[in-house]
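Comments concern the structure below.
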Amino acid sequence: MTHLATSLAALPLFGLIRDGGWTMWLIAALSVITLAVVLWKLWSLWRLGVWGGSHSRAALVLWAQGRPREAMEQVRGRPSARARVAQAAIGTSLDPRFDEAAAREETARVARQALFRSRAGLRALELIATIAPLLGLLGTVLGMIAAFQVLQSSGNQADPSDLAGGIWVALLTTAAGMAVAIPAGVALSWFESIADRLQSDLEDLATRVFVARDAPAAPPARSRLEAAE
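Per the UniProt record's numbering, the sequence shown starts with residue 1, numbered consecutively.
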């Protein structure tokens with residue numbers, strides 16, 4: 001255990017965190033949490049199938065062609081958000097127990113659940129992107145106060161190098177806070193754009209299913225002989 005502590009203390013990064021004080025330890029913890037949230041979010045979105053949609057698109061084509069059973073088979077049991085919403089829209093449209101209002105409400109319920117899952121964890125990234133720079137600024141202010149206290153106690157015998165050393169250590173926390181907040185903010189913006197696109201796709205998918213359901217059947221095409229008559 002002692003050997004591990006000695007090895008960590010020899011690392012430059014560990015030394016910077018140690019010199020930055022307790023605010024640097026909090027910022028380091030936020031960096032670990034940010035990485036964990038981003039990795040979990042990528043895994044969650046992959047399981048949600050936000051980058052897929054081939055089965056739901058195929059189901060829409062079959063549904064528009066008047067082949068509802070085949071359309072249902074395309075999305076039945078699929079785990080992706082688009083497939084689940086398409087299954088809810090098509091399934092309720094085929095179920096005589098659901099009128100149009102009830103079918104739309106059930107489809108909206110399934111879509112809301114998928115959208116809630118797509119936005120899970122974003123509040124944590126938003127909080128980190130907000131408080132990490134503030135923690136860095138707090139650490140800088142506390143470090144500057146300590147540096148000027150040393151300057152005041154030293155009087156005319158103050159060593160400028162000691163003052164400069166205290167100032168750069170204090171400014172280190174601001175840089176660290178920004179280094180954590182910027183990736184968190186970028187990840188937050190990216191995940192929000194994915195969720196917005198998913199919401200748009202789900203609304204479009206459900207609308208197309210119900211529009212095709214309510215559309216009147218196309219009249220049979222007349223033959224050339226009938227047209228000539």
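Built from N, CA and C at the ideal position, the CB exists for glycine as well.
DSSP, reduced to helix, strand and coil, places R76 outside both helices and strands of the structure shown, so it counts as coil. A straight-line Cα-Cα distance of about 11 Å links S54 and V61. Two segments are said to touch when three or more pairs of C-beta atoms, one from each, lie closer than 8 Å; by this definition the stretch 30–50 does not touch the stretch 61–71. A Cβ-Cβ separation of about 20 Å leaves L171 out of contact with T130 under the 8 Å criterion.
At a Cβ-Cβ threshold of 8 Å, A176 and G136 count as neighbours. A distance below 6 Å between beta-carbons, with the five flanking residues on each side excluded, links A86 to the following residues of its chain, in chain order: S56, A59, V75 and L205.
The beta-carbon distance between W46 and G121, rounded to whole angstroms, is 14 Å. This is too long to meet the 8 Å contact definition. By the Cβ criterion, the stretch 107–117 is in contact with the stretch 83–97, since at least three pairs of Cβ atoms, one from each stretch, lie closer than 8 Å.
Distances from the alpha-carbon of T173 to those of A187, A147, E203 and L134 put L134 closest.
In the structure shown, G66 falls within a coil segment according to DSSP collapsed to helix, strand and coil. Taking a C-beta distance under 8 Å as the contact criterion, V211 and I128 do not qualify as a contact pair.
By the criterion of a C-beta distance shorter than 6 Å, A195 is surrounded in its chain by S118 and R119, once the five residues flanking it on both sides are discounted. Cα atoms of V186 and S44: separation of roughly 18 Å, rounded to the nearest angstrom. In this structure, the alpha-carbon of S93 lies about 51 Å from that of M178.
In this structure G49 touches A81 by the C-beta definition: roughly 6 Å separates them, less than 8 Å. Taken in chain order, the whole alpha helix (DSSP H) runs of length 4 or more contained in the UniProt domain "MotA/TolQ/ExbB proton channel" (83–203) are 100–119 and 122–154.
Taking C-alpha positions only, A103 is separated from I27 by approximately 48 Å. When secondary structure is reduced to three states using DSSP, V50 falls in the coil class, being assigned neither helix nor strand.
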